[in-house]
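Contents: one structure, followed by commentary.
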Amino acid sequence: GEDVEQSLFLSVREGDSSVINCTYTDSSSTYLYWYKQEPGAGLQLLTYIFSNMDMKQDQRLTVLLNKKDKHLSLRIADTQTGDSAIYFCAESSRGGADGLTFGKGTHLIIQP
Amino acid sequence: KAGVTQTPRYLIKTRGQQVTLSCSPISGHRSVSWYQQTPGQGLQFLFEYFSETQRNKGNFPGRFSGRQFSNSRSEMNVSTLELGDSALYLCASSLELARAEQFFGPGTRLTVL
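Chains as they are written, first to last, in the numbering used here: chain R, 45 to 156; chain Z, 1028 to 1140.
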């Protein structure tokens, strides 16, 4: 089946940039997403990118998509303690027919 | 505009019982999807409803079912509960089918004893 891979942990210093990476296998993905989950909460949609784009910027967030390598990244500029959470990469499999396929999530740890 | 609401937030059941969870989408949204989140399997797609019809379904047994009402509110039901059904159940709403922006509710934490 289709798969989305992410590293489990990322540790960065407060004020630095965080870069969270993701690879996916479904070449027919229409949209690719980044969601944030804080402890005890649901998923917060951070941003998404259409598969024919290669970059999207939204305030402190920059998404880069390399469709050839099926690689997606999320850069968070000036990382703050409030950014500490689990970040999920997701794709809309088969144009959404299989719902969203999620990675296992990357725990972002902020060091003071 | 109010977000996606799910009730109840927490639920404790015993094996063999059944449970019904409710999801109210964002006003004006007509598509509701359900997901199961567990530490072992992560987030998995259960099904999607649009205009009171199930449009897409994930790989879950028939014990998992759902429905959608004319006001777009959705319920999911799990019958004959098993210990492995303990999970966070999340619902997501979007304006239409296959629309990019899918917004999630806070989830219902189900514990099966």
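Don't be surprised by glycine CBs; every beta carbon is placed ideally from N, CA and C.
All values derive from a computational prediction rather than experimental measurement.
TODO: Determine the DSSP secondary structure at residue 125 of chain R, reduced to helix, strand or coil.
DONE: helix
Task: Backbone secondary structure at residue 1112 of chain Z - three-state DSSP - done: helix
Open item on the list: Which residue marks the beginning of the beta strand (DSSP E) containing residue 1063 of chain Z, and which one marks its end?
Closed with: 1058-1065
- [ ] Using a Cβ-Cβ cut-off of 8 Å, state whether residue 1127 of chain Z counts as contacting chain R.
- [x] yes
Open item on the list: Does residue 1044 of chain Z pass the burial test, meaning 16 or more other C-beta atoms within 10 Å, or should it be called exposed?
Closed with: exposed
Task: For residue 1090 of chain Z and residue 1072 of chain Z, the rounded distance between their alpha carbons - done: One C-alpha to the other measures close to 15 Å.
TODO: For residue 146 of chain R, go through chain Z and note every residue whose CB falls closer than 9 Å to its CB, in chain order.
DONE: 1062, 1064, 1069, 1070, 1071, 1072
TODO: Under 6 Å Cβ to Cβ from residue 47 of chain R, same chain only, skipping five residues before and after it: list those, please.
DONE: Here the set comprises 69.
Open item on the list: Please classify residue 1052 of chain Z as buried or exposed, where buried requires at least 16 neighbouring CB atoms within 10 angstroms.
Closed with: buried
Task: Through-space distance from residue 1107 of chain Z to residue 79 of chain R, alpha-carbon basis - done: 32 Å
Task: Cα-Cα separation between residue 1079 of chain Z and residue 106 of chain R, rounded to whole angstroms - done: 37 Å
Open item on the list: Tell me which residues of the region 83-94 of chain R have at least one Cβ-Cβ distance to chain Z shorter than 8 Å, keeping chain order.
Closed with: Within the region 83-94 of chain R, the residues whose Cβ lies closer than 8 Å to some Cβ of chain Z are 85, 86, 87, 88, 89, 92, 94, listed in chain order.
- [ ] Using a cut-off of 9 Å between C-beta atoms, extract the partners of residue 1133 of chain Z located in chain R.
- [x] 84, 85, 86
Open item on the list: Relative to the C-alpha of residue 1105 of chain Z, which candidate in Z:1057, Z:1123, Z:1042 has its C-alpha closest?
Closed with: Z:1042
- [ ] Please compile the residues from chain Z whose C-beta is within a distance smaller than 7 Å of the C-beta of residue 141 of chain R.
- [x] Near residue 141 of chain R (Cβ distances below 7 Å), the residues of chain Z are 1083.
TODO: Starting from the beta carbon of residue 131 of chain R, find every residue of chain Z whose beta carbon is closer than 7 Å, and list them in chain order.
DONE: Neighbours of residue 131 of chain R on chain Z: none; closest Cβ ~13 Å, over 7 Å.
Task: Cβ-based contacts, 9 Å cut-off: residues of the region 65-79 of chain R near chain Z - done: 74, 75, 77, 79
Task: Euclidean distance between Cα positions of residue 1102 of chain Z and residue 156 of chain R - done: 43 Å
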